[in-house]
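In the numbering used here, the protein residues as written are 94 to 415.
Below: the structure, in structure tokens.
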Ligand code: BYC
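Printed below as a string of structure tokens:
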């Protein structure tokens with residue numbers, strides 16, 4: 094049975110079908126707006142919470158160069174969070190609401206950031222696998238139908254590819270090192286492989302949002318399509334490291350022209366999503382604490398902005414003329 098859509102919904106869907114971007118002031122179905130707020134805010138929270146497991150290694154990076162690179166990477170994640178919170182605000186939400194939803198555990202963030210980073214090799218595995226998974230997902234989102242989200246993604250993807258390479262470089266160095274370093278490298282890959290596959294979300298058959306999000310072109314590829322692309326990519330790259338992916342069922346399938354892979358522990362995934370992963374409590378506590386301790390910074394910034402409103406500004410070009 095085909096359902097008749099009201100005229101403005103037809104016009105909206107037509108716009109999506111002919112690849113015209115939806116902009117903040119355009120009419121949009123309430124459910125489209127809500128889906129975007131849910132996804133973009135979850136994405137923003139992931140960037141900010143994602144700073145925690147890596148920030149944990151800044152003071153322990155093995156050299157000044159590695160420390161500088163890691164600081165730059167963690168700073169980039171903060172920037173990504175800001176672009177995304179701003180994109181979310183164009184949909185009529187406030188920053189305060191969005192952040193409160195994270196702190197009250199109402200909003201989700203990526204399951205991956207609830208796992209601990211135990212050794213320096215984890216910085217490599219996070220960069221290679223977690224950022225690698227994030228890029229595949231985000232390259233697709235550069236073509237998402239909502240203009241502000243798509244534009245934020247273009248810039249994020251450029252930075253993200255640097256992140257992935259820095260991770261791979263850490264693992265490559267370890268993989269060419271001593272026996273202990275090689276062992277650290279394999280151990281980190283073993284621990285991060287399966288949680289990285291979970292980042293793409295539940296199987297398509299279990300995914301509640303995919304069908305509608307594909308129709309609206311918010312998503313351009315399904316969870317399973319992206320996951321398969323990721324497995325195919327990593328199964329090749331891991332050879333350069335002389336390491337293995339911890340999956341006995343991983344093998345090339347000449348018929349499908351893809352790698353087959355083993356069954357994901359979906360119970361573990363849902364358990365982490367529901368708040369019971371190894372680090373969920375710790376992550377939320379760290380975010381709440383940072384928010385409380387940053388109160389004075391927000392107050393000072395607001396007072397400064399207020400003061401600038403009343404104070405006469407230096408005329409434009411005054412500096413150039415001087
Ligand atoms: N973790 O219907 P589905 C990064 C939820 S990378 C937690 O398939 P959808 C970074 C989902 O929200 C990570 N929850 O959902 C990298 C839904 O529940 P609700 C962030 C998950 O939205 C390195 C339910 O499960 N990237 O930021 O169509 C360093 C059913 O799922 C997860 C993004 O957020 C998960 N892994 O598809 C620093 C990308 N997966 O909300 C930072 C943008 C699913 O209905 N997001 N759920 O209660 C997306 O592309 C999509 O939201 C997803 C899920 C592919 C993740």
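Note that CB positions come from ideal geometry on N, CA and C, so glycine has one too.
query                                                                                                                                                                                 : result
Report yes if the C-beta of residue 227 is less than 7 Å from at least one heavy atom of the ligand BYC; otherwise report no.                                                         : yes
Against chain C, does residue 351 count as a neighbour if the rule is that its beta carbon must be under 8 Å from one of theirs?                                                      : The displayed structure is made up of one protein chain only, and chain C is not part of it.
Just how far apart, CA to CA, sit residue 138 and residue 174?                                                                                                                        : 7 Å
If you check the beta carbons only, do residue 195 and residue 129 fall under 8 Å apart?                                                                                              : no
Which runs of the beta strand (DSSP E), 3 residues or longer, sit entirely within the segment 328 to 409?                                                                             : 344 to 346 and 351 to 353
Hey, residue 253 and residue 227: beta-carbon distance below 8 Å or not?                                                                                                              : yes
Just curious, the alpha helix (DSSP H) that residue 291 is in, first and last residue?                                                                                                : 272 to 291
For a quick check, are the C-beta atoms of residue 154 and residue 241 less than 8 Å apart?                                                                                           : no
If distances are taken between C-alpha atoms only, which option among 308, 119, 141 and 293 comes closest to residue 110?                                                             : 308
Buried or exposed, going by whether 16 or more other CB atoms sit within 10 Å of the CB of residue 188?                                                                               : exposed
At a cut-off of 7 Å, is residue 130 close to the ligand BYC when judged by its beta-carbon and the heavy atoms of the ligand?                                                         : no
Please return the same chain residues whose Cβ sits closer than 7 Å to the Cβ of residue 268, not counting the five positions on each side in sequence.                               : 275, 278, 334, 335 and 336
May I ask you to list the residues that DSSP assigns as paired with residue 41?                                                                                                       : Since the first residue shown for the chain is 94 and the last is 415, residue 41 is missing from the structure and cannot be characterised.
For residue 220, which residues from the same chain have a beta carbon less than 7 Å from its beta carbon, with the 5 sequence-adjacent residues on both sides left out?              : 256, 257, 259, 260, 261 and 263
At a cut-off of 7 Å, would you count residue 292 as near the ligand BYC, judging by its Cβ distance to the nearest heavy atom?                                                        : yes
Would residue 99 be called buried (16 or more neighbouring beta carbons within 10 Å of its own) or exposed?                                                                           : exposed
To the nearest angstrom, report how far apart residue 112 and residue 218 are at their CA atoms.                                                                                      : 37 Å
If you drop the 5 nearest sequence neighbours on each side, which residues of the same chain put their C-beta closer than 6 Å to that of residue 346?                                 : 353
Report back the beta-carbon spacing between residue 146 and residue 210 to the nearest angstrom; my notes put them in contact at under 8 Å.                                           : 4 Å
Ignoring anything shorter than 4 residues, give me the alpha helix (DSSP H) runs that lie fully in the segment 150 to 205, in order along the chain.                                  : 157 to 182 and 188 to 196
Taking the alpha carbon of residue 177 as the point to measure from, which residue in 149, 212, 131 and 222 has its own alpha carbon closest?                                         : 131
With a threshold of 16 other CB atoms inside 10 Å of the CB of residue 374, please say whether the residue is buried or exposed.                                                      : exposed
Any chance the CB of residue 366 is under 7 Å from a heavy atom of the ligand BYC?                                                                                                    : yes
Report the three-state DSSP secondary structure of residue 298 (helix, strand or coil).                                                                                               : helix
Label residue 251 either buried or exposed according to how many other C-beta atoms from any shown protein chain fall within 10 Å of its C-beta, with 16 as the threshold for buried. : exposed
Should residue 397 go down as buried or exposed, given a rule of 16 or more other Cβ atoms within 10 Å for buried?                                                                    : exposed
Can you tell me whether residue 289 is buried or exposed, with buried defined as 16 or more other CB within 10 angstroms of its CB?                                                   : buried
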